[in-house]
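Encoded as structure tokens, the structure appears first; notes follow it.
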Amino acid sequence: MDVKTAYLNTPIDCKIYIEQPEGFEKQGDHSESLVCKLKKSLYGLKQSGRNWNNLLHTYLINENFTQSLADPCVYVRTTEDERCVIVIVWVDDIIIPASDSNSLQSMKKSLKDRFKMTDLGVLKWFLGTEFQCSESSIEMN
13 MDVKTAYLNT
23 PIDCKIYIEQ
33 PEGFEKQGDH
43 SESLVCKLKK
53 SLYGLKQSGR
63 NWNNLLHTYL
73 INENFTQSLA
83 DPCVYVRTTE
93 DERCVIVIVW
103 VDDIIIPASD
113 SNSLQSMKKS
123 LKDRFKMTDL
133 GVLKWFLGTE
143 FQCSESSIEM
153 N
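In terms of my numbering, the sequence shown is numbered consecutively and its last residue is 153.
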């Protein structure tokens, strides 16, 4: 799954002012140039990636996931009936292995309800690695 414009939908953690974009300038009451206060993160800001990561992390923790101690990009949720969902994150790309189809679909719906997402279907490529998935195995090239 891919989060659409992840950074642009993430609240910013401090006050940042930017010059008005060309073609959208407005003058102040005394013809002075005005600046814009950012409400959301922008691509290119040093803290945008961290702001996005904090937002996603908080969401996953609130959904009863536990962050892996070995890899902070991996979150795991296991239910009492031993259903398991794993969320693997690389910036705004997410892989969701699950123990059953219902858990997978439920997690996808939950993410889509919270974030603007594109479901890329069955895993084929991730971080430069090709995947071939079948009912009984996952092969990586």
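Idealized CB from N, CA, C, for every residue including glycine.
Since we're looking at a predicted model, the values are computed, not measured.
Local conformation of residue i per DSSP, three classes
i, result
"S148", "coil"
"R3", "The structure shown does not extend to residue 3, since the chain is modelled only from 13 to 153, so the question has no answer here."
"T70", "helix"
"K52", "strand"
"S154", "With the chain covering only 13 through 153, there is no way to say anything about residue 154."
Length of the line joining the Cα atoms of residue i and residue j
i, j, result
"N114", "R89", "14 angstroms"
"N21", "M129", "12 angstroms"
"V47", "I24", "17 angstroms"
"R95", "S148", "18 angstroms"
"D105", "H42", "47 angstroms"
"H83", "M13", "Position check: residue 83 holds Asp in this sequence, whereas His was assumed. One C-alpha to the other measures close to 19 angstroms."
"S122", "K38", "40 angstroms"
Same chain, Cβ closer than 6 angstroms to residue i, five either side skipped, listed in chain order
i, result
"Q144", "E151"
"W64", "A18, Y19, T22"
"A110", "V97, L116"
Own chain, CB closer than 7 angstroms to residue i, minus 5 neighbours either side, in chain order
i, result
"V134", "C145"
"L68", "V101"
"D71", "For clarity, residue 71 is Tyr in the given sequence; the question names Asp instead. Same-chain partners within the cutoff: R126."
"V86", "S80, I98, I100"
Sequence-distant residues of its chain with Cβ nearer than 8 angstroms to residue i (five each side left out)
i, result
"W137", "F143"
Secondary structure, alpha helix (DSSP H): runs of 4+ residues fully inside the region 102–150: 113–126
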